[in-house]
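**Q**
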């Protein structure tokens with residue numbers, strides 16, 4: 001979670017960050033603030049990653065991509081962006097060495113990171129708090145951050161927010177987009193389907209606002225750690241603290257983005273060249289073959305498949321297992337230039353299967 005935190009060392013606390021004009025974006029912002037966490041940095045990781053160029057693969061209206069863009073702006077971490085189409089196929093991403101279909105994806109050198117929660121965790125590790133890269137939270141907030149992350153992501157709150165997208169949006173009239181999202185989520189994205197789910201979704205989202213308004217911000221704190229919605233149901237009048245909190249975040253993020261400057265934008269071929277000519281962002285910290293202590297029974301050096309279990313599960317990455325611990329799985333694959341890259345995915349919410357063997361939940 002983002003907050004104004006106690007200064008660490010000689011650094012100053014920062015005021016925190018986009019003014020959403022439509023209701024859907026108010027909730028998207030509320031959801032996305034989860035999981036901006038502090039972790040103990042590893043100097044070796046910091047040194048290796050800092051030498052490589054960060055490339056963010058995304059499209060501008062992806063809520064999950066905004067989560068990473070906001071984080072990079074707030075932490076003042078320079079990055080390069082490679083814009084992607086909102087629907088499949090995405091040949092630029094396939095070329096760098098992953099079939100993962102969810103946006104965003106982050107590459108640092110020849111290390112490719114999937115899932116925003118893992119991306120944020122890695123950036124926290126690679127860029128420890130400093131005057132150049134101010135901290136966004138403190139170690140004491142970790143438990144509450146994880147609880148918010150579980151509530152907003154695993155409990156389906158964001159899925160409910162997506163059901164509040166106005167049915168008359170031009171994008172929802174695009175048959176290609178509709179088919180793509182149905183393949184991605186496994187549920188209907190027709191106008192009728194969205195309208196049917198709207199009532200239940202509205203109840204859940206209002207409940208989320210009530211919890212934040214009363215339980216999180218009810219004691220007077222300014223930050224959450226110590227068009228689409230009907231104004232008669234969810235508005236600044238009903239939830240003044242939540243809407244004021246979003247405004248504070250928006251103002252701070254705009255200021256941070258202005259200070260950092262616009263990212264360099266590149267095309268897919270240049271991104272592939274950068275990835276292929278770079279080193280890895282981090283080491284493996286495990287031997288590269290043999291037994292590991294993991295309930296799945298998998299072995300380093302074994303060929304496996306990795307995929308998310310909630311959405312985008314038809315796109316699976318297959319490669320050689322080179323790291324497996326309680327936090328992540330790493331496989332090696334060969335990209336379009338014949339260069340070995342490492343694809344990182346979190347354990348939570350993903351499944352791994354030894355090719356030719358039994359399935360195992362990560």
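Numbering (full-length UniProt numbering), first residue to last: 1 to 362.
C-beta: ideal position from N, C-alpha, C; glycine also.
Computed from a predicted model, the values in this text were never measured in an experiment.
For residue 60, count neighbouring C-beta atoms within 10 Å of its own C-beta (all shown protein chains included) and say buried if the count is 16 or more, exposed if not.
**A** Residue burial is scored here from C-beta neighbours: residue 60 has fewer than 16 other C-beta atoms within 10 angstroms and is therefore classed as exposed.
**Q** For the pair the segment 237 to 245 and the segment 60 to 71, tell me if three or more CB-CB distances fall below 8 angstroms.
**A** Not touching, per the Cβ criterion.
**Q** Using a threshold of 8 angstroms, state whether the C-beta atoms of residue 234 and residue 209 are closer than that.
**A** With contacts defined as CB atoms closer than 8 angstroms, residue 234 and residue 209 qualify as a contacting pair.
**Q** Can you give me the Cβ contacts of residue 310 inside the same chain, cut-off strictly under 8 angstroms, excluding the 5 residues immediately before and after it?
**A** 349
**Q** What is the rounded straight-line gap between the Cα of residue 340 and the Cα of residue 301?
**A** 14 angstroms
**Q** Across the segment 183 to 199 and the segment 129 to 139, are there enough close Cβ pairs to call them in contact, namely three or more that are closer than 8 angstroms?
**A** Verdict: no, contact absent.
**Q** Would you mind listing the alpha helix (DSSP H) stretches within the segment 83 to 112 that are 4+ residues and don't spill past its ends, in chain order?
**A** 91 to 96
**Q** Indicate the three-state DSSP secondary structure (helix, strand or coil) for residue 123 in the structure shown.
**A** helix
**Q** Quick test of the definition: if touching needs 3 or more C-beta pairs under 8 angstroms, does the segment 320 to 335 touch the segment 89 to 106?
**A** yes
**Q** For the beta strand (DSSP E) that contains residue 317, what are its first and last residues?
**A** 317 to 324
**Q** For the alpha helix (DSSP H) holding residue 194, just list the boundary residues, first then last.
**A** 191 to 211
**Q** Under the rule that 16 or more other beta-carbon atoms within 10 Å means buried, what is residue 264, buried or exposed?
**A** Residue environment for residue 264: exposed (fewer than 16 other C-beta atoms within 10 angstroms of its C-beta).
**Q** Applying the 10 Å Cβ sphere with the 16-neighbour rule, what's the burial state of residue 141?
**A** buried
**Q** Mind reading off the beta-carbon distance from residue 52 to residue 109? Whole number of angstroms is fine, and I expect it under 8 angstroms.
**A** 3 angstroms
**Q** Taking C-alpha atoms, which residue in 203, 270, 303 and 323 lies nearest to residue 284?
**A** 323
**Q** Report the residue ranges of all alpha helix (DSSP H) runs contained in full by the segment 239 to 319; include only those spanning at least 4 residues, in chain order.
**A** 240 to 260 and 268 to 276
**Q** In chain order, what residues of the same chain lie with their CB nearer than 7 angstroms to the CB of residue 217, ignoring the 5 residues before and after it?
**A** 224, 241, 242 and 245
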